[in-house]
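The structure appears below as structure tokens.
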Amino acid sequence: MSNKYDFQNKMAVSASNGDAEKLSTTNSDGDESSEDDGSRQSWSRKTDFVLSCLSYAVGLGNVWRFPYVCYKNGGGAFLIPFLIMLFITGIPLVFMELAFGQFASSGVVSIWSVSPIFQGVGWAMFIISCLIAIYYNMIIAWTLYYFFASFNTYLPWSYCGSWSTDACVADTAVMHNCTAHNGTWYNATCFLPGYHNDSILGLVKELSNSSDINYTSSSDEYFQ
Numbered sequence: 001m002s003n004k005y006d007f008q009n010k011m012a013v014s015a016s017n018g019d020a021e022k023l024s025t026t027n028s029d030g031d032e033s034s035e036d037d038g039s040r041q042s043w044s045r046k047t048d049f050v051l052s053c054l055s056y057a058v059g060l061g062n063v064w065r066f067p068y069v070c071y072k073n074g075g076g077a078f079l080i081p082f083l084i085m086l087f088i089t090g091i092p093l094v095f096m097e098l099a100f101g102q103f104a105s106s107g108v109v110s111i112w113s114v115s116p117i118f119q120g121v122g123w124a125m126f127i128i129s130c131l132i133a134i135y136y137n138m139i140i141a142w143t144l145y146y147f148f149a150s151f152n153t154y155l156p157w158s159y160c161g162s163w164s165t166d167a168c169v170a171d172t173a174v175m176h177n178c179t180a181h182n183g184t185w186y187n188a189t190c191f192l193p194g195y196h197n198d199s200i201l202g203l204v205k206e207l208s209n210s211s212d213i214n215y216t217s218s219s220d221e222y223f224q
């Protein structure tokens, strides 16, 4: 506190000696430089911040992989330990990382240099992000390709092409074979009138297969 008062007294003495104009100019320049150095960018709206956080936290793992993991590990029973760990570990860690980044305004590598023992955490986060970007971009490319391919009149996986084997049978060929015998083709199954027992299965196999080859649909071979 004494140093602060000494500095103010020196400023007052210098101003009384006729250096007020020089001091004001120096002070104004110092304020401008401090504003430039200390200014922090902010979000224009709260919605932008919330959407940015959601885009970082929510991805294909939540929409695509989570239902598979939930089904594989017991279905609804899996949600109990998942929700417990979510509220005990997941959400607190997200808010801690968010507050840490807002406070320091630094990247993951430099922010964890606050303590030498935590430097490896920052580099591990950086390496993991690079590895995720490699395969994540490939999945996004597949998604975009099949999204635009689904708008074609004839889907690429609805017929046998140069990529298919001799056992490939287009779905349209089986459908025409079914309708030629007065059957009804619905949901990839041939229904023949007058048959309500297991003999229909043998007849459908005869309509679909003309040899001992195990035929596969074109869509199955396309996505193999």
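Just so we're aligned, residue 1 is where the sequence shown starts under the UniProt record's numbering, counting upward by one.
Every residue gets a Cβ at the ideal spot worked out from N, C-alpha and C, and that includes glycine.
- Note on the region 58-142: whole alpha helix (DSSP H) runs with a minimum of 4 residues are 66-72, 79-85, 91-104, 108-111, in chain order.
- By the neighbour-count criterion, in which a residue is buried when 16 or more other Cβ atoms sit within 10 angstroms of its Cβ, serine 162 is exposed.
- Taking a contact to require three or more Cβ pairs closer than 8 Å, the region 141-157 and the region 64-79 do not qualify as touching.
- The three-state secondary structure of threonine 47, taken from DSSP, is helix.
- Ranked by how close their Cα comes to the Cα of leucine 98, the residues Pro67, Ser52, Phe87 have Ser52 in first place.
- Distance from alanine 170 to tyrosine 159 at the Cβ level is roughly 5 Å; contact confirmed, criterion being Cβ atoms closer than 8 Å.
- DSSP lists Thr216 as the bridge partner or partners of cysteine 168.
- With fewer than three CB-CB distances shorter than 8 Å, the region 137-146 does not count as touching the region 115-129.
- In the structure shown, leucine 54 adopts helical secondary structure according to DSSP, grouped into three states.
- A distance below 8 Å between beta-carbons, with the five flanking residues on each side excluded, links phenylalanine 223 to the following residues of its chain, in chain order: Trp157.
- For cysteine 178, the number of other beta carbons within 10 angstroms of its own is at least 16, and it is reported as buried.
- In the three-state DSSP reduction, phenylalanine 151 falls in the coil class, being neither helix nor strand.
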